[in-house]
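All you need for the working numbering is the position in the sequence shown, starting with 1, plus 6.
Backbone N, C-alpha and C fix where the C-beta goes; we use that ideal spot for every residue, glycine too.
As the structure is a computational prediction, the values presented were derived from the model and not from experiment.
The next block holds one structure in the form of structure tokens; read it before the comments.
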Amino acid sequence: MKIAIKVGEEYLLETPDGRFFEIGIWGKAGGYYEIDISPCLFAMREDLPLYVHKEGNTGWVHENELKQFMEKAMRIFLITKEGTLLIERKKND
Numbered sequence: 007m008k009i010a011i012k013v014g015e016e017y018l019l020e021t022p023d024g025r026f027f028e029i030g031i032w033g034k035a036g037g038y039y040e041i042d043i044s045p046c047l048f049a050m051r052e053d054l055p056l057y058v059h060k061e062g063n064t065g066w067v068h069e070n071e072l073k074q075f076m077e078k079a080m081r082i083f084l085i086t087k088e089g090t091l092l093i094e095r096k097k098n099d
């Protein structure tokens, strides 16, 4: 899966073990990105799936390490003002 990372975008990743992470890309300096990553918990509330953030972590990560982490995802959603958009999915999905 080829990942195009852009500053200012936010992604929701689903990992093979069923966990979700929200990643915000806030800056870039050289080969490093400033990111905020938050694990999400999903809860059912009267037929409405909600996700709740745990404490997020903000910091700098090397571009290769970020891409490797994102490539492990089963699905990657781009979060926009209009909603979420599936941008990548594993071929066996």
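Q. Skipping 5 residues on each side, what residues in its chain have a beta carbon closer than 6 Å to that of residue 66?
A. Working through the sequence shown from its first residue, we reach residue 66 at position 60. Correct list, in chain order: 38, 40.
Q.
Quick check for students: name the residue ranges of the beta strand (DSSP E) that lie wholly in the region 10-86, counting only runs of 3 or more.
A. 16-20, 26-35, 38-51, 54-59, 63-68, 81-86
Q: Could you check the C-alpha separation between residue 81 and residue 22 for me, to the nearest Å?
A: Residue mapping note: residue 81 aligns to position 75 of the sequence shown, counting from 1. Residue mapping note: residue 22 aligns to position 16 of the sequence shown, counting from 1. The straight-line gap from Cα to Cα measures roughly 9 Å.
Q: Could you tell me which of 30, 79, 85 sits nearest to residue 64, measuring between CA atoms?
A: In the sequence shown, counting from the first residue as 1, residue 64 sits at position 58. Measuring from the Cα of residue 64, the nearest candidate turns out to be 30.
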